[in-house]
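In the working numbering, the protein residues as written are 108 to 267.
And the structure:
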């Protein structure tokens, strides 16, 4: 009798591994996130239209957005398209306009304390302090390239 009971126990185990319910259970490896990008949180945010550039702050709490905005004009087209720079605060969902720019190219400092961007007509480079929104520097580089090294902004300027 013991052999029959043991045989029935073994059969039951074998059946559990071959039934579709057991086969459908994912392995531990299958439940790990795949390498690359994946969604960790979905958030509602205001509609942003005509976006041409966007840069996340290093802590992902702010999004610097460059977009086209149509404004009425007395010219032949009846409007002009202006590039504007805006900051979207992900906590409050508030959008703050920093005004017209051209050739914007916003770039956050690695700490996220500062945002550099090209001002109107790309004739000056502005550096804004994130907490206050105050422009703390207005620079006139002679080359359109600039880089952050920590919280130090590197750029070329023609000496006089």
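Beta carbons: idealized from backbone N, C-alpha and C, even for Gly.
Can you give the beta carbon distance from residue i to residue j, rounded, assuming they're within the 8 Å contact cut?
{"i": "residue 196", "j": "residue 169", "result": "6 Å"}
{"i": "residue 175", "j": "residue 190", "result": "6 Å"}
Run through the DSSP bridge pairs and tell me what residue i is partnered with.
{"i": "residue 256", "result": "259"}
{"i": "residue 233", "result": "224, 245"}
Would you decide whether residue i is buried or exposed? Buried here means 16 or more other CB atoms lie within 10 Å of its CB.
{"i": "residue 252", "result": "exposed"}
{"i": "residue 217", "result": "exposed"}
{"i": "residue 145", "result": "exposed"}
{"i": "residue 173", "result": "buried"}
{"i": "residue 261", "result": "exposed"}
{"i": "residue 177", "result": "exposed"}
{"i": "residue 112", "result": "Any reading at residue 112 needs caution, since the residue's pLDDT is 43, under 50, leaving its predicted position unreliable; the model's value is listed next. Residue 112 is exposed by the Cβ-count criterion."}
{"i": "residue 223", "result": "buried"}
State the Cα-Cα distance for the pair residue i and residue j, rounded to the nearest angstrom.
{"i": "residue 198", "j": "residue 164", "result": "13 Å"}
{"i": "residue 258", "j": "residue 233", "result": "14 Å"}
{"i": "residue 200", "j": "residue 152", "result": "6 Å"}
{"i": "residue 246", "j": "residue 255", "result": "14 Å"}
{"i": "residue 167", "j": "residue 182", "result": "40 Å"}
{"i": "residue 221", "j": "residue 155", "result": "23 Å"}
{"i": "residue 225", "j": "residue 134", "result": "51 Å"}
{"i": "residue 150", "j": "residue 202", "result": "15 Å"}
{"i": "residue 180", "j": "residue 188", "result": "10 Å"}
{"i": "residue 186", "j": "residue 142", "result": "46 Å"}
{"i": "residue 212", "j": "residue 160", "result": "7 Å"}
{"i": "residue 207", "j": "residue 147", "result": "33 Å"}
{"i": "residue 214", "j": "residue 171", "result": "8 Å"}
{"i": "residue 162", "j": "residue 205", "result": "15 Å"}
{"i": "residue 243", "j": "residue 158", "result": "26 Å"}
{"i": "residue 237", "j": "residue 219", "result": "7 Å"}
{"i": "residue 231", "j": "residue 239", "result": "21 Å"}
**Asked** Enumerated in chain order, which unbroken segments of the alpha helix (DSSP H) with a length of 4 residues or greater are wholly contained in the stretch 134-211?
**Response** Within the stretch 134-211, the alpha helix (DSSP H) runs of at least 4 residues that lie entirely inside it are, in chain order, 135-138.
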